[in-house]
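Read the structure below first, then the notes.
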Amino acid sequence: CDHAPSLDRVKAVAKSSAVSLSENNVWSSVKGDLTSETDIPRENKVAQNAFRTKDVYWKIGLHFNRALSAVFDRQKHSHAIILEDDLLLSPDFLHFFWRTAWLLEVDPSLWCVSAWNDNGFTGQARNERKLLRSDFFPGLGWLLRRELWEELRGKWPTSSATGWDHWMRTDETRKGRACIIPEVSRTHHASTKGVHINKLKSRELDRLAFSTLRPGSGNGDVRIYGNLADMLEDHYDAYCQKLVDVAERITDPYAANPSSGSSKVYLVPYLIENYKNLAVKASVWKSEPRSIYKGLIITSFHDVEGPILLLADKRTCPFLAESEQMLSAPNAVIVAAEAGSSCSTTCQQKAGRTCSALHLPLGNSCAALKRLYACEAGCGHQVGDELPCYVSNPKEVTYRQCLITHTPAVNCEAKHLSTRRLCTCL
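Structure representation (structure tokens):
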């Protein structure tokens, strides 16, 4: 069919089959399914404790789990759009998903379409028709297929310390797949408080651009978002490679002299330990690299329309020339530390070598940790100078989890009594 379904029809379907995902009502909705601690499997002590202590992150994850099960397992829908109740929607919100859903059918390297761009700040995100790919799971209005739910259902996180969205971002869950995102977001935060929102973060989110594009805006609606085949992995990788190849290398966004109307491309190769300082200068998400695809962030200069700014992670971006990449050292040895031991001590005592701080982030993956540790409780995300690591202390809620982080520290001396580090020794 060449015509979008009517908005009235979509509203009717939504009214009859939507499942509420209000964070403010998480406890009551979960309580409706789990009336007591005895409804949780006896062996899952972490979940039982989370139920007793009303751990909100665990309950939000359980709420999403039950809602997705209702949509796919009971109502047998083929696709679902997941929305929080504090999001405003753009005029073309439904149309955006209707036009892009087919990409999930034909490209196995894609697993979601999201309405959100973490780097879509006003003054930089301008093209309402442009789409991107992102390895960093965005959430905040996203489309998935039933096949993905069937894959995730049996592995959904039960640890109270692992947020479901951070779990979606681990390499073990993501499996190298990406999401389609718009340059200009199709959702916008409306609340100023919540589990993940405070006044400071609300002000930051207010800086994000919000699309006003309407269905039927140009090109007969067929190519309102350009040639969608360009979002397929091979085509998009070729686009990224071309941008990187023609880009002028700079060491700092402030070193560029971009001119409005220019089509020039600038590129800053960076190391993750320097990302936060770079993010401030580039006006992108500050806490960790987001809206990033295969180590490459595509953005623009604030209030300068035309030139493109690329940020490329030297350790993970395959589009960089080999001479620009920070590759694993061929003579490196990966060693498991004992609890409370630093990598400096571990490398010296166990391998007779020296800890390589520059190479530590290369081990920041679930796959790398599982080569050393059993990770019986799965893989999760946390923050800490000693990450990546395995939690060996039974008193921790993350006991027997392998933990990674989005911003790994480059610190050979860090240690924690409850964890065992993954150390790279030269």
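Here my numbering is used: the first residue of the sequence shown is 67, the next is one more, and so on. Positions of the beta carbon are idealized from the N, C-alpha and C atoms, including for glycine.
**Prompt:** Is the segment 182 to 198 in contact with the segment 217 to 226, if contact means three or more CB pairs nearer than 8 Å?
**Reply:** Output reads no: the segment 217 to 226 does not touch the segment 182 to 198.
**Request:** Identify the continuous alpha helix (DSSP H) that holds I126 and give its terminal residues.
**Result:** Where I126 is concerned, the enclosing alpha helix (DSSP H) stretches over 122 to 135.
**Asked** Going along the chain, which residues of its own chain have a beta-carbon closer than 7 Å to the beta-carbon of L375, five neighbours each way excluded?
**Response** Once the five neighbours on either side are set aside, the close Cβ partners of L375 are P319, Y332, A348, T365, S366, F367.
**Request:** Give me whichever residues DSSP pairs with L176 in a beta bridge.
**Result:** L176 pairs with A244.
**Message:** To the nearest angstrom, how far is the alpha carbon of L100 from that of A136?
**Reply:** Legend: pLDDT at L100 = 47, less than 50; position of this residue unreliable, value from coordinates given subsequently. The straight-line gap from Cα to Cα measures roughly 15 Å.
**Prompt:** Considering only C-alpha positions, which residue in the set A181, S394, L377, G282 is nearest to Y336?
**Reply:** Nearest option by C-alpha distance: L377.
**Message:** Assess contact between the segment 184 to 193 and the segment 241 to 253, defined as three or more Cβ pairs (one per stretch) separated by less than 8 Å. Is contact present?
**Reply:** Yes, the segment 184 to 193 is in contact with the segment 241 to 253.
**Request:** Please classify E217: is it buried, with 16 or more other beta-carbons within 10 angstroms of its beta-carbon, or exposed?
**Result:** Its Cβ having fewer than 16 others within 10 Å, E217 is exposed.
**Prompt:** Among L176, F187, I148, T236, which one has its Cα closest to the Cα of N430?
**Reply:** Measuring from the Cα of N430, the nearest candidate turns out to be T236.
**Asked** Under the rule that 16 or more other beta-carbon atoms within 10 Å means buried, what is P183, buried or exposed?
**Response** Reading off the sequence shown, one finds Asn at residue 183, where the question assumed Pro. Burial call: buried.
**Prompt:** Among all the DSSP beta bridges, which residues are the ones paired with L274?
**Reply:** The partner list for L274 (beta bridge, DSSP) reads F187.
**Prompt:** Does DSSP put Y332 in a helix, in a strand, or in coil?
**Reply:** In this structure, Y332 counts as strand in the three-state DSSP scheme.
**Asked** Skipping 5 residues on each side, what residues in its chain have a beta carbon closer than 7 Å to that of K436?
**Response** Spatial neighbours of K436 in its own chain (CB-CB distance under 7 Å, excluding positions within 5 residues in sequence) are listed in chain order as C468.
**Asked** Roughly how many angstroms lie between the CA atoms of K360 and P204, to the nearest whole one?
**Response** A direct Cα-Cα distance of roughly 15 Å separates K360 from P204.
**Request:** Determine the contact status of E452 and K416, defining contact as a CB-CB distance below 8 Å.
**Result:** For E452 and K416, no; Cβs fall outside 8 Å.
**Item:** Which of helix, strand or coil DSSP assigns to Y341
**Value:** Y341: helix per DSSP, three-state reduction.
**S366 - containing alpha helix (DSSP H), residue span** = Where S366 is concerned, there is no enclosing alpha helix (DSSP H), although the beta strand (DSSP E) it sits in stretches over 362 to 367.
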